[in-house]
Amino acid sequence: MLVLTVQDSTEPGELADLSCDFVHVYAPAPAVVVLPARASPAVVSALRHAHQMRHDLDVLLPVVTPSAPVRRILHSRP
């Protein structure tokens, strides 16, 4: 299992690239993403895209965050 901890300074573009790489490199193994409480909208969007890609492949990508609004966004349908 891969655990990725996102720092406040993580650039959304870098995160999007890494997230897409996870889909291809670590599938079918699960990966867990840990977000800070104040994740930027761009970071949340990048993770939502990766989350959807992993879901389409039937691979788990849990996201851990203390932010209930972010959890709702990540679990909502596109």
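So for the sequence shown, the numbering used here puts the first residue at -10; every next one is plus one. Each residue gets a CB set at the ideal place from its N, CA and C atoms; glycine is no exception. Just so we're clear, the structure is a prediction, and the values are computed from it rather than from any experiment.
DSSP places L36 inside the alpha helix (DSSP H), whose first and last residues are 30 to 45. Classified as buried, L50 has 16 or more neighbouring CB atoms from the shown chains inside 10 Å of its CB. In this chain, the beta strand (DSSP E) harbouring L(-7) covers -9 to -6. Within its own chain, the residues whose Cβ lies closer than 6 Å to the Cβ of L63, once the five positions on either side in sequence are excluded, are R37, H40, V52, listed in chain order.
The alpha-carbon of P19 is positioned some 9 Å away from that of R43.
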